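Peer 1: Chains as they are written, first to last, in the numbering used here: chain H, 432 to 686; chain L, 328 to 664.
After the structure tokens below, expect a handful of questions from me.
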Amino acid sequence: MYARLPSAASLPEGRGAPPRPLPFLGSDRSALLVTVLFLFSLLSIPKFNMAEVLAFGAFPLFLMSAAQADVKMIVKRLLLISPFVLFMAAGNLLLDRNPVLLISGLRISGGMISGTVIVAKTIISVAALLSVTQSIPFYRICRALEALHLPDVLVTQLLLLDRYRSVLQEEAQSMQKARDIRSFGRKGKGLFRTAPLIGSLLLRTITRAERIYRSMSARGFQGRLVNRPAEKISRSDWRTIGLWALLFLALRLIF
Amino acid sequence: MHMADALLSPVVGGGFWVVSGALIGYSAKKISEERDNSKTALMGVLGAFVFAAQMINFTLPGTGSSGHLGGGLLLAVLLGPYRAFITLASVLIIQCLFFADGGLLALGCNVFNLAFFPSFIAFPFLYRVIAGNAPTPGKLAVGSLTAATAALLMGALSVVLETLFSGITELPFGTFLLFMLPVHLAIGVVEGLVTWGVLAFVARTEPGLLVPAKAAVHPRFTFALFAILALFVGGVGSWFASSQPDGLEWSIAKVSGSKEFSPAGGAVHEALEAFQQKVAFLPDYGFKSAPEFLANPESPVDAGSSLSGIVGSLSVLAAAGTVGLLLGRKQKGEKQR
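Right, dumping it as structure tokens:
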């Protein structure tokens, strides 16, 4: 039933391995569940409560500093905040001009607060998520998802996708480079010229998939990549989740 | 068009998690029933292909800006609806976890908006009906364009409804829709054109890939009905959402005749309120009751509690950062020993 396969066995133990484990978050399973709990708590904060949103920033800040996360990478991602989020924040800023605060003669509108809350929630949720996912190698995230009863089909799909993503991206990069050095200005880079290039990458991908399947079959593949049953959520996991839940509830009550 | 966490309420985000989770479970069951392991590797590598293909940019006709393939409809044509849905969901999960494209809470919405519509609506009920099993070049073009555009527009409509249900935005339904639909119509046309270009290339070089396997299963009419019902409920809900900023507030007002929720059995409520007063950060801080800070007496924002709260929040941030740093250094020291 469970096949030991080269693709599973060669899953990157070292690649993306954590510089430090996540403190006080327990196993990978509880770390993921605590993150979900954190996000639910953060997003339940009313749209005008900036103080509470700020207080919830303590969670990613704690994770980033304790696990010594790659802050540069997280900041880089934060700088690419979705234009859609910025548009929605700007919409609030423009449409809700009702003054709600007057501080030292400075009128602060409801839109200014709710717009800032949208951006702050985005920054905090993205920082929290990236701090956690940066500290757990992807194959371990997949194991945790399996323990959380995600279907085998999806877990196998995630493992294969992660394994071949970089391989195909390299191939796509070299194809694009080849096209660019043969193009003059924009000539040759149009939609109808590029579609066959993507089609060609697609055919190569399908041929590669056939080769992979043949080698997987030769090694006894029967539909699952994982080679041992998923671990169950333990009592200590539940304890960790309960403690963090209490902490988030306390933050919601205090602010 | 990824939905972000910050634009969602927990109820809407959680609701779509349940819907998308159920769809993933159902699709996984259908795939397992097919017992075709040869497609497993193909799904994995085609998911990786979507990432790779998105790196290849092309210039858009008449604009000078650049675009890339989305890949939803293309996967549905190559893999069938259930496998395409799982593959697209896996792409969205990786985008969420590693690139923070759309948040974790928004994942359910994103799977619904970007995977459900191309796989379960646009492909079986538009592309297959128009193009058929052995498409001519004309049918392939019309099928790709119509299905890709419709999938993008349905996804955009869904984003509008999810945001409005969440009550985060001040944008009225009509204005929001008028902004979103034309933008996504243009994106949909480009997606349709590039999908058609890729499929036409495949039809010329490897036509066998476009012929669906006999054993392939397709969603029934119930899926379309489900989607239409979801949109209908969403449309009606958003009408209320646009006229009443907060759906919960509206229902409470209807039930109790008052905008604020005041529980009848107030003992628990009072005890909790007393506890909150006790634990509240800087409860008697000067700003809290200072009337000169209020510009609007009906303001939803309390100047005093906001300022004292922000002082408190900054203290929590500083404490969390310091504890984290100390822990990090301690672990580093232990590792070096």
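We put the CB at the ideal spot given by N, CA and C, even for glycine.
Computed from a prediction, not measured in an experiment: that's the story for all the values here.
(1) So L:Pro337 contacts chain H; which residues on that side make the cut at Cβ distance below 8 angstroms?
(2) Report the rounded CA-to-CA distance for H:Phe487 versus H:Arg670, giving the unit in angstroms.
(3) Under 8 angstroms between beta-carbons, which chain L residues line up against H:Glu602? List them in chain order, please.
(4) Using a Cβ-Cβ cutoff of 8 angstroms, what residues of the stretch 614-638 of chain H are near chain L? List them in chain order.
(5) Mind pulling the chain L residues with CB within less than 8 angstroms of H:Gly457?
(6) So, H:Ile544 versus H:Phe479, is the Cβ gap smaller than 7 angstroms?
(7) In chain order, which beta strand (DSSP E) runs of at least 3 residues are fully inside the stretch 467-526 of chain H?
(8) Output, in chain order, the set of chain H residues within a Cβ distance shorter than 8 angstroms of L:Leu406.
(9) Taking only beta-carbon positions, decide if L:Leu350 is within less than 7 angstroms of chain H.
(10) Could you check whether H:Pro491 and H:Ser566 sit closer than 7 angstroms to each other, using their CB atoms as the reference points?
(11) Please name the residues in the stretch 359-390 of chain L whose beta-carbon is closer than 7 angstroms to at least one beta-carbon of chain H, in chain order.
(12) How many angstroms separate the CA atom of L:Ala333 from the CA atom of H:Leu576?
(13) For a contact meaning CB atoms closer than 8 angstroms, what does H:Phe679 contact in chain L?
(14) Buried or exposed: which applies to L:Glu489, given that a residue is buried once 16 or more other Cβ atoms fall within 10 Å of its Cβ?
(15) Should H:Pro582 be labelled buried (16 or more other beta-carbon atoms within 10 Å of its own) or exposed?
(16) Within the chosen definition, does the stretch 674-681 of chain H reach the stretch 453-472 of chain H through at least 3 CB pairs nearer than 8 angstroms?
(17) For the alpha helix (DSSP H) that contains L:Leu373, what are its first and last residues?
(18) Anything in chain H within Cβ reach of L:His329, meaning under 7 angstroms, just list it in chain order.
(19) Within this structure, are the beta carbons of H:Gln600 and L:Phe378 separated by less than 7 angstroms?
(20) Would you mind stating whether H:Val465 and H:Leu456 have Cβ atoms separated by less than 7 angstroms?
(21) In or out: H:Val484 buried (at least 16 other Cβ within 10 Å) or exposed?
(22) Using CA coordinates, which residue listed in L:Asp428, L:Gly399, L:Phe412 is at the minimum distance from H:Ile512?
(23) Output yes if chain L places a C-beta closer than 7 angstroms to the C-beta of H:Asp527; else output no.
(24) Check whether chain A comes within 7 angstroms of H:Met519, counting only Cβ atoms and requiring the distance to be less than that.
(25) Fully enclosed by the stretch 381-443 of chain L, which alpha helix (DSSP H) runs are 4 residues long or longer?
(26) In chain order, what residues of the same chain have a beta carbon less than 8 angstroms from the beta carbon of H:Val531, not counting five sequence neighbours either side?
(27) Please report the distance separating the alpha-carbon of H:Ile629 from that of L:Ala458.
(28) Verify the CB distance criterion: does L:Glu518 have a CB-CB separation below 7 angstroms to chain H?
(29) If I follow the unbroken alpha helix (DSSP H) through L:Leu526, where does it start and stop?
(30) For chain H, check one thing: does any of its Cβ atoms lie closer than 7 angstroms to the Cβ of L:Ile495?
(31) What number of angstroms, rounded off, separates the C-alpha of L:Leu665 from the C-alpha of L:Phe492?
(32) Does the beta-carbon of L:Leu402 have 16 or more other beta-carbons within 10 angstroms, so that it is buried, or is it exposed?
(33) Using DSSP with H/G/I as helix, E/B as strand and the rest coil, what is H:Met432?
(34) Considering Cα atoms alone, identify which of L:Leu415, L:Pro388, L:Leu512, L:Phe385 is closest to L:Ser354.
(35) Out of H:Asp611, H:Gly616, H:Arg642, point me to the one whose CA is closest to L:Ile383's CA.
(36) Distance, Cα to Cα, H:Phe679 vs H:Arg460?
Peer 2: Put simply:
(1) Phe471, Leu474, Ser475
(2) 21 angstroms
(3) Ala379
(4) Arg617, Lys620, Gly621, Leu622, Phe623, Arg624, Thr625, Ala626, Pro627, Leu628, Ile629, Gly630, Ser631, Leu632, Leu633, Leu634, Thr636, Ile637
(5) Result: empty, since nearest Cβ-Cβ is about 15 angstroms, beyond 8 angstroms.
(6) yes
(7) Taken in chain order, the whole beta strand (DSSP E) runs of length 3 or more contained in the stretch 467-526 of chain H number zero.
(8) In chain order: nothing, as chain H lies at least about 11 angstroms away.
(9) no
(10) No; because the gap between Cβ atoms is not below 7 angstroms, this pair is not in contact.
(11) Cβ contacts with chain H: Ser359, Asn364, Ser365, Thr367, Ala368, Leu369, Met370, Gly371, Val372, Leu373, Gly374, Ala375, Phe376, Phe378, Ala379, Ala380, Met382, Ile383, Phe385, Thr386, Leu387, Pro388.
(12) Within the model, the alpha-carbon separation for L:Ala333 versus H:Leu576 is close to 24 angstroms.
(13) Those within 8 angstroms of H:Phe679 in chain L number zero; the least Cβ separation is about 12 angstroms.
(14) buried
(15) buried
(16) They touch, by the three-pair rule.
(17) 365-380 is the extent of the alpha helix (DSSP H) around L:Leu373.
(18) Ser513
(19) yes
(20) yes
(21) buried
(22) Per the Cα distances, L:Asp428.
(23) yes
(24) No chain A is part of this structure, whose protein chains are labelled H and L.
(25) 399-406, 408-426, 434-438
(26) Phe479, Ile539, Ser540, Gly541, Ile544
(27) 21 angstroms
(28) no
(29) Looking at the DSSP string, the run of the alpha helix (DSSP H) that includes L:Leu526 is 500-532.
(30) Yes - at least one Cβ of chain H is within 7 angstroms of the one on L:Ile495.
(31) Absent from the structure is residue 665 of chain L, since the part of chain L shown begins at 328 and ends at 664.
(32) buried
(33) With a pLDDT of 38 at H:Met432, under the threshold of 50, the predicted position of this residue should be treated as unreliable, and no value is reported.
(34) For L:Ser354, the closest of L:Leu415, L:Pro388, L:Leu512, L:Phe385 by C-alpha to C-alpha distance is L:Leu415.
(35) H:Asp611
(36) 18 angstroms
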